[in-house]
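Here this note's numbering runs 39 ahead of the position in the sequence shown, where the first position is 1.
Encoded as structure tokens, the structure appears first; notes follow it.
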Amino acid sequence: MFNDYEIIVICETFLKEHDNFQLKGYNIIRFDRDTNERGGIAILLKNHIRFDTLVIDLKFDQIEVGAVNIETTLGQISLIAYYRSPTHLVGNSIADWKKEWAHLTDFIKKLDKFIFVGDFNAHHPWWGSTHSCSYGNAIFDSIDLEYFALLNDGSPTHFSVSNNFYSTSNIDLTFVSSNLLLRFPEWHVLSDSWGSDHFPIVISGLIDFHQNPKVDYRYNLKKLNWETFLEELEVNKGIFSSLKYLNSTVITKYELFISTIDKCIMKSMPLTSQRLANKCIDNICNTKNNVKPRCIWWSEECDRVIRLRKAKLASLKYKCDLQKYIDYKKICAITRRTLKAEKKNSFIKFCSSINRNTNISSVWSKIKMFKNGCNRPQSTDGNTKLHDKAKETLDDLCTPKNATLCSPINIDTDSNQSALTKDHFLAELFSYEEITLAINSSNLKSSPGVDKISYEILSSLPEFYIRVLLDILNDIYQTGIFPETWHTYLITFIPKNNGQKVRPISMASCLLKTLERMINTRLNYWVEKNDILSGTQFGFRKGKSCADNVSILTNDIHQAFYKKESLTALFLDVKGAFDNIIPDILIQDLQTLGLPKVFVKFIYNLIYSRSLLPVDTSLGAARTVNKGLPQGSVLSPILYSLYTHSNDKFINKSVKILQFADDIVIYSTHKNTNSALVQLEYSANNLSNHLKSRGLEIAPEKSQLVIFNKHNSRIEYHTLDLNDCTLLPSNTAKFLGMTLDKKLNWKAHIDQTVMKCYKAINILSCLRGTWWGGDPLTLLMLYKSLIRSKLEYCGFLIHPCAKSNLDKLDKIQNICLRIAMGYRNSTPLNVIAAETNVPSLNGRFKILGYKYLLKHLSYYNSILLDQLETLKELNDYFVYAHNHSKSLLTECFENIWFYNLSIIRHSLFYKYNYSYHSSLFVPSVDLRSNKILKDSEDPLCAFCNKFLDSEHTHIFTDGSKISLTRENERDSASSVGFASWSEDDDFKISYKIHDSASIFTAESLAIHAVVDTILTSTKEKFKIYTDSESVLKSLQNLNSNKTESVLIIMLRPL
40 MFNDYEIIVI CETFLKEHDN FQLKGYNIIR FDRDTNERGG IAILLKNHIR
90 FDTLVIDLKF DQIEVGAVNI ETTLGQISLI AYYRSPTHLV GNSIADWKKE
140 WAHLTDFIKK LDKFIFVGDF NAHHPWWGST HSCSYGNAIF DSIDLEYFAL
190 LNDGSPTHFS VSNNFYSTSN IDLTFVSSNL LLRFPEWHVL SDSWGSDHFP
240 IVISGLIDFH QNPKVDYRYN LKKLNWETFL EELEVNKGIF SSLKYLNSTV
290 ITKYELFIST IDKCIMKSMP LTSQRLANKC IDNICNTKNN VKPRCIWWSE
340 ECDRVIRLRK AKLASLKYKC DLQKYIDYKK ICAITRRTLK AEKKNSFIKF
390 CSSINRNTNI SSVWSKIKMF KNGCNRPQST DGNTKLHDKA KETLDDLCTP
440 KNATLCSPIN IDTDSNQSAL TKDHFLAELF SYEEITLAIN SSNLKSSPGV
490 DKISYEILSS LPEFYIRVLL DILNDIYQTG IFPETWHTYL ITFIPKNNGQ
540 KVRPISMASC LLKTLERMIN TRLNYWVEKN DILSGTQFGF RKGKSCADNV
590 SILTNDIHQA FYKKESLTAL FLDVKGAFDN IIPDILIQDL QTLGLPKVFV
640 KFIYNLIYSR SLLPVDTSLG AARTVNKGLP QGSVLSPILY SLYTHSNDKF
690 INKSVKILQF ADDIVIYSTH KNTNSALVQL EYSANNLSNH LKSRGLEIAP
740 EKSQLVIFNK HNSRIEYHTL DLNDCTLLPS NTAKFLGMTL DKKLNWKAHI
790 DQTVMKCYKA INILSCLRGT WWGGDPLTLL MLYKSLIRSK LEYCGFLIHP
840 CAKSNLDKLD KIQNICLRIA MGYRNSTPLN VIAAETNVPS LNGRFKILGY
890 KYLLKHLSYY NSILLDQLET LKELNDYFVY AHNHSKSLLT ECFENIWFYN
940 LSIIRHSLFY KYNYSYHSSL FVPSVDLRSN KILKDSEDPL CAFCNKFLDS
990 EHTHIFTDGS KISLTRENER DSASSVGFAS WSEDDDFKIS YKIHDSASIF
1040 TAESLAIHAV VDTILTSTKE KFKIYTDSES VLKSLQNLNS NKTESVLIIM
1090 LRPL
């Protein structure tokens, strides 16, 4: 029922500061009463209404006022909600009230347009009361009819029952400014009290709100008939084979492709009535929307008790006696209990339906529906301030001075361009495999650009249209001609966590992003293959992660502790790194690197003279941007890395640097802290000057200086000067999600992690009851994805650490396991571990540490492994104090080092050790025949008829892993091997491999061995048969977002 109204004012909310109250689709402005259980005001405004809060200072405890300014086409209208408690508070007299009332009315009279509503608890015949009171008389005498107009029509707004007598009163009043009187033709009271002793008042008005009109940039694909869409596409195929199309320009081809897709979509949509473009809001408090969301837990029983309550109230009005009043109060109580019970039972039913096959995203959406709200922060100051903040952010991105920074570069005639770049593989035409990989790797939920073509639409296109699109994108790339819509980025703004600032979100054309993704795959390969980036850069690179930076830094800190030295670190913050890159310099860098002309031309078109078009059109028209990298662009991360790849050249040799995109830390180790600070200060200012010459700037006020040492030395006297600012040492610093304290005891990090986890625990609690709730296995899965992932982040680095701190993390896991399984608090931990099969966090940290080190063992010249080797030697040599022990990563390194001879090692990430085109090769794989053979009456005969022929050599492969239990031994060992068989003896192979290998490894190696043999054979036609569906699917599927087995990558080039 609430969704019928644009604005709702509620008096006597009885809400306290900690109470959660939200309603989906509304901004809620609360004015809670702190000094009494009664009272409280809430104003609810639909999200599209622009407003800000209006402060009215009153010091009289008996009254409450809340006010907002609302933007309308008539100008600003002030809405003031008023409540006066009917009880007299000690120390408050009517004279005091009259003084505050006069102050309030004088304030309201100064407003140009206003609506003044609320529970006045005053009686006077002017508004229909049968008698008057001192408060009513005072209001009547003080109201200036030149400014105030009363809307009440004499209908009662409140009822009470006493001594078997049903009485009504008119204590809820509505005043408007005189210039708005004709705008409100209707004021009426609802017959249903909704369970209250006040009747809701509905005011209808002729006022248009200043809505925030939005750019329509997406189709409603939920209404799309996909079968009809594919049929329409089939009908329109001929367009792309006509001579007119083949002889047109690339831009004409592109526009025809977009218009054809648009036409097919519109024909596949159901016919709907045309909505009014400018709908008149017929009520400042009451407007019915076209779509009325229904509460998901509402049932027929809810409708029934509501009807009964209305009937009992009507009966009480008709003839009042004690029994009817009791019946009415009973049905009100029954209604409240029924609505609560229906909501609870529906929620229980929903929770009980959750199982391991349930889509997790649907779980979150349903939980939000039950909460009837959303998780976005709301600003109590009003959304007009967020609107102004969005304007400021847009002005910062599109400042006029940006235009002076760019001067067109003649790429065609640049002398730095070598003729050899014409044959560069970045200049080659893209293949069908590449565009398929780009589309498959995209996020289907990603928002489209101004052309409205989303990835969901692209992924559903038939192969014919994908090939047409591929030809168009190849032409655009080779000719360097950009469609006009590719220069335009839609931009929207979302509130940040504090609700006081906004974050810009850009949306580019998905067709542009598809081409970017293909280029990005090639560019990353070329950059890594040619070792362009510095070894200190870890951001957005395959095989590298945040954990590398934190691991290297903490290992160096441990080494300093071993040697009783201090490590002084400066964590730098780069202001608006991606937004302040100078395009001229980036283009020159790309040319210097010898990249081909077509690629540099594409980047030039991508970053020069972009337009930002606000989705909220009230923020203005499209604005030009001539600086920075496009936000949300697929190529922006790698371009930023190339732009800053020379940073480490400006660092002193005694100072180390680690970079993850715009997160930078430089540090120095020395016995004398002052000496380290001198070196650090020199390097920091040198780096700052270098970045400044390239348009980037370090923010000293956000940078942090931490001196890591084990002894309790005074560090507050040490300082560092950076950009004319003096930095004092901090006790902690946050780096890539880890809070590092000066003694590296991890207490601050663990405390912050625990606080994050407690918020997520509430989700588990609401999905689990004593006798009802979600499936325990599903709740365990939710724990692992929501909570354990937070506990485990770089968990193998949180050692050495005091047991009391680690126990805090264990406590979180134990709480979650008890909730998920429904255990009591007294359930022993060993029972929990046995029944849940969830390892201890310490065990998980070790497993993650081993996995992390195994990844590094596959590289030659790993910085991390060199550090751990040094730490191992230091551990063997030095004698430590009682509170110092080796790190968990060092222990894992000592235990796993002997596996290094069994691991395939490369100098680069394994994907880049083979040719680029081989990584796109998809062999001919038949997976459908498996089901056909299973369903046939005679599978063996069906197999022979379908596959066996005399032209091919038939080879069968298999891999297996068996457990071997030795006598008088409790533990069992494993044996792993693979083999192949064929009528040709050359292909009969059998090998035993490492006992720790998986079946997938054995099956992959079997196929690899057979293919190696085929390459040396004189025969030409072969068929390989395997029972490993997972290996065949891995060979068949191309998706750059998924981690691919090194064995599969080794198979593709063969």
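Just so it is clear, CB atoms sit at the ideal spot from N, CA and C, and this is done for glycine as well.
For the putative contact between residue i and residue j, defined by C-beta atoms under 8 Å, what is the C-beta separation to the nearest angstrom?
i: P739; j: N762; result: 5 Å
i: D158; j: I210; result: 6 Å
i: W996; j: T1065; result: Residue identity check: residue 996 is Thr in the sequence provided, not Trp. So it is a contact: roughly 5 Å between Cβ atoms.
i: T299; j: I278; result: 6 Å
i: S648; j: A661; result: Not really, about 11 Å apart at Cβ, beyond 8 Å.
i: I703; j: V613; result: 7 Å
i: F1026; j: C931; result: Between C931 and F1026 the Cβ distance is about 41 Å, and since that is not below 8 Å, they are no contact.
Relative to the C-alpha of residue i, which candidate in the options has its C-alpha closest?
i: Y121; options: K850, G78 and D655; result: G78
i: S194; options: G175, G244, I240 and D702; result: I240
i: K138; options: A177, W166 and T112; result: A177
i: S217; options: A161, S171, K152 and N686; result: K152
i: N482; options: G659, F641, F577 and G671; result: G671
i: K1072; options: V48, F1039 and S470; result: F1039
i: E495; options: R123, I304 and K973; result: I304
i: L609; options: K781, I626 and N711; result: K781
i: T531; options: R556, M546 and E185; result: M546
i: N711; options: E381, N748, L735 and S727; result: N748
i: P522; options: V289, C359, I365 and K695; result: V289
i: E964; options: N952, N984, Y949 and E1068; result: Residue identity differs from the one stated: residue 964 is Val in this sequence, not Glu. Of N952, N984, Y949 and E1068, the residue nearest in Cα terms is E1068.
i: Y367; options: D236, I800, A429 and A466; result: D236
i: S132; options: E103, Y174 and L113; result: Y174
So if DSSP puts residue i in a beta bridge, which residue, or which two residues, is it bridged to?
i: K925; result: Answer is none; K925 lacks a bridge partner.
i: K253; result: D655
i: M777; result: F774
i: F70; result: I80
i: C796; result: Answer by DSSP bridge pairing: none, since C796 is not bridged.
i: G105; result: A120
i: M546; result: L529
i: E225; result: S243
i: C50; result: I80
i: V1064; result: Before going on, a small fix: residue 1064 reads as Tyr here, not Val. Answer is F995.
i: P768; result: L744
Could you tell me the alpha carbon to alpha carbon distance between residue i and residue j, rounded to whole angstroms?
i: N513; j: T527; result: 21 Å
i: M1089; j: H1047; result: 8 Å
i: L54; j: I68; result: 12 Å
i: H1033; j: S1014; result: 8 Å
i: T196; j: T52; result: 17 Å
i: L940; j: S897; result: 10 Å
i: L674; j: L856; result: 42 Å
i: L352; j: L150; result: 40 Å
i: T708; j: N691; result: 12 Å
i: R376; j: K369; result: 11 Å
i: I667; j: N479; result: For the sequence presented, residue 667 should be read as Gly rather than Ile. Distance between the alpha carbons of G667 and N479: 29 Å.
i: C585; j: L572; result: 17 Å
Between residue i and chain B, is any beta-carbon pair separated by less than 9 Å?
i: Y174; result: Protein chain content of the structure displayed is limited to a single chain, and chain B is not contained in it.
Under 8 Å: does the beta carbon of residue i sit that close to some heavy atom of the ligand ZN?
i: I858; result: The ligand ZN is absent from the structure shown, which contains no ligands of any kind.
*Are the stretch 142-157 and the stretch 270-288 touching by the rule of at least three beta carbon pairs closer than 8 Å?*
no
*asked:* Assess contact between the stretch 545-553 and the stretch 488-497, defined as three or more Cβ pairs (one per stretch) separated by less than 8 Å. Is contact present?
replied: yes
*Specify whether the stretch 578-586 and the stretch 684-700 touch according to this definition: at least 3 beta carbon pairs, one from each stretch, less than 8 Å apart.*
yes
*Examine the Cβ distances between the stretch 713-727 and the stretch 592-600 and report whether three or more of them are shorter than 8 Å.*
no
*Counting Cβ pairs closer than 8 Å, one from the stretch 785-805 and one from the stretch 617-626, do we hit at least three?*
no
_Across the stretch 496-516 and the stretch 466-480, are there enough close Cβ pairs to call them in contact, namely three or more that are closer than 8 Å?_
yes
*Okay, do the stretch 958-972 and the stretch 868-879 touch, 3+ Cβ pairs below 8 Å being the bar?*
no
*At least 3 beta-carbon pairs within less than 8 Å: the stretch 334-342 vs the stretch 221-229*: no
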